[in-house]
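Okay, structure first, notes after.
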Amino acid sequence: MKRIAALLALLLAVPLSRGQQPTAPQYGAAPSALPTYATTRVEGTDNVYIFRNVAHQAMFVVTPEGVIATDPVAYGRPNGGQLFLDEIRKVTNQPVKYVIYSHHHFDHIAGGQAFKDAGAIFVAHRRAKERLELIKDPHTVLPDEVVPDTSRVITLGGTRLELTYHGLNHSDSTLVMRLPKERIIFVVDTIPVGTLPGRGMIDFHPLETEDFMRQVLAMEWDRLIPGHPGVPGGRLGTKKDVQDQLELLQAASAEMKKLGQEGKCWDQAEKEFRMPGYTNWPGYPTNLQFIARRFCGLWGRGT
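Numbered by our numbering, the letters in the sequence shown go through residues -8 to 294 in order.
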């Protein structure tokens, strides 16, 4: 789910390193090209970091006994995994012990071979491993260990990271990663921060996602690190952002339900579908079509 965000800095984060390349994309009305990648420390913590590669983000946590990293975010970037590893090594000389996949989609998890070569253990939900074993993508490392349909806790160097599974949502393999001490969660794609959901709606589970969001709201946390930078300014998410996304999905569902049950799906319903309360949201002009198509499938075809 690629989104265009007006990224000038990561709010709530302290910049550590930035890389500038001539081909770096423009974001929104930014006066100059955004650095292609950046590593930042989350404000208020001494060990939680965000690595951004273009418009994809990963979290990593540094402990006295090693590093816990998440998605390699190197899809279509042959050296992206090594770049991420190099950025971690600028922060600490501790080895990367774990790489944890947020879900099975390649745009977030491809490119981790450098971590594997360095001895990291790859962890994912069991459905992610099942899917990856079927697809056999040459650029994506298969998980070594799996998380069941409940939860798993990774404890390393005094840091506790909780991995929990909450059913279907953006995928059938999404893990919520929670740092209870820091009151931070890492959730990828299912909960955009400040934008309409986009292309990732293609395999979205709309009704189940509403329940997923309610479960996330019931958890104890203060800040959400998303898999794509939050809008505006690359900010982190709050519970209000989750509530806003839940209400957006509910509004979209109700509107398309009327059109679908009138027999207007696909073409006519997609032409008529509007969300007037969200026209000022980033992504509305480009992403409305994906929301319409997915909910038309639900209410017009039962898919």
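Built from N, CA and C at the ideal position, the CB exists for glycine as well.
Three-state secondary structure (DSSP) at residue i?
| i | result |
| --- | --- |
| Gly103 | coil |
| Lys88 | strand |
| Ser244 | helix |
| Leu325 | Limits of the chain in this structure are -8 at one end and 294 at the other, which puts residue 325 out of reach. |
| Leu147 | strand |
| Gly274 | coil |
| Trp132 | The sequence as given places Val at residue 132; Trp does not occur at that position. Correct three-state label for Val132: coil. |
| Val222 | coil |
| Ala283 | helix |
| Pro267 | helix |
| Glu253 | coil |
| Asp163 | coil |
| Ile193 | helix |
| Arg68 | coil |
| Pro16 | Any reading at Pro16 must be qualified, since the residue scores a pLDDT of 25, below 50, and its modelled position is unreliable; the value itself is stated next. Looking at Pro16 - three-state DSSP - the assignment turns out to be coil, as it is neither helix nor strand. |
Just list the residues that DSSP pairs residue i with in beta bridges.
| i | result |
| --- | --- |
| Asn44 | Tyr28, His47 |
| Thr54 | Gly57 |
| Gly228 | Leu215 |
| Ser308 | Here the chain covers residues -8 to 294 and nothing more, so residue 308 does not appear. |
| Val39 | Val52 |
| Val233 | Val233 pairs with nothing; no bridge assigned. |
Take the Cβ of residue i as the centre, count every other Cβ of all protein chains shown within 10 Å, and call the residue buried at 16 or more, exposed below.
| i | result |
| --- | --- |
| Lys255 | buried |
| Leu198 | exposed |
| Gly221 | buried |
| Ile193 | exposed |
| Val144 | exposed |
| Gly291 | buried |
| Ile59 | buried |
| Gly268 | exposed |
| Gly110 | exposed |
| Lys120 | buried |
| Arg285 | buried |
| Leu208 | exposed |
| Thr150 | buried |
| Pro16 | In this predicted model, Pro16 has a pLDDT of only 25, less than 50, meaning its place in the structure is not dependable; the value taken from the coordinates is given anyway. Result: exposed. |
| Gly19 | Here Gly19 scores only 33 on pLDDT, less than 50, and its place in the model should not be relied on; the value that follows carries that caveat. By the neighbour-count rule (16 or more Cβ atoms within 10 Å), Gly19 is not buried but exposed. |
| Phe259 | A quick correction: the sequence has Gln, not Phe, at residue 259. It is exposed - the Cβ of Gln259 has fewer than 16 other Cβ atoms within 10 Å. |
| Gln48 | buried |
| Gly306 | One cannot answer for residue 306 here, as it falls past the ends of the chain, which runs -8 to 294. |
| Leu125 | exposed |
| Ala(-4) | Residue confidence is low: Ala(-4) scores 40 on pLDDT, short of 50, so the model does not pin down where it sits. No coordinate-derived value is stated. |
First and last residue of the beta strand (DSSP E) that includes residue i?
| i | result |
| --- | --- |
| Pro217 | 214 to 217 |
| Ala115 | 112 to 116 |
| Phe177 | 175 to 178 |
In terms of residues, what are the limits of the alpha helix (DSSP H) holding residue i?
| i | result |
| --- | --- |
| Met168 | Counting along the chain, Met168 falls outside any alpha helix (DSSP H), though it belongs to the beta strand (DSSP E) covering 166 to 170. |
| Glu136 | Note, Glu136: premise wrong, no alpha helix (DSSP H); beta strand (DSSP E) at 136 to 138. |
| Phe75 | 71 to 82 |
| Phe203 | 197 to 209 |
| Glu263 | 258 to 263 |
With residue i and residue j assumed to form a contact (beta carbons below 8 Å), what rounded beta-carbon distance in angstroms separates them?
| i | j | result |
| --- | --- | --- |
| Val167 | Glu136 | Not really, about 17 Å apart at Cβ, beyond 8 Å. |
| Leu74 | Asn44 | 7 Å |
| Val233 | Ile182 | 6 Å |
| Ser101 | His219 | Sequence check: residue 101 is Ala here, not Ser. About 16 Å; that fails the 8 Å criterion. |
| Gly148 | Gly57 | 6 Å |
| Asp86 | Gly72 | A small correction: the amino acid at residue 86 is Pro; Asp does not occupy that position in the sequence shown. Contact doesn't hold; Cβ gap of about 15 Å is too wide. |
| Pro188 | Asn278 | 6 Å |
Sorry if obvious, but does the Cβ on residue i come closer than 7 Å to a heavy atom of the ligand PLP?
| i | result |
| --- | --- |
| Phe286 | Ligands displayed in this structure: none; no statement on the ligand PLP is therefore possible. |
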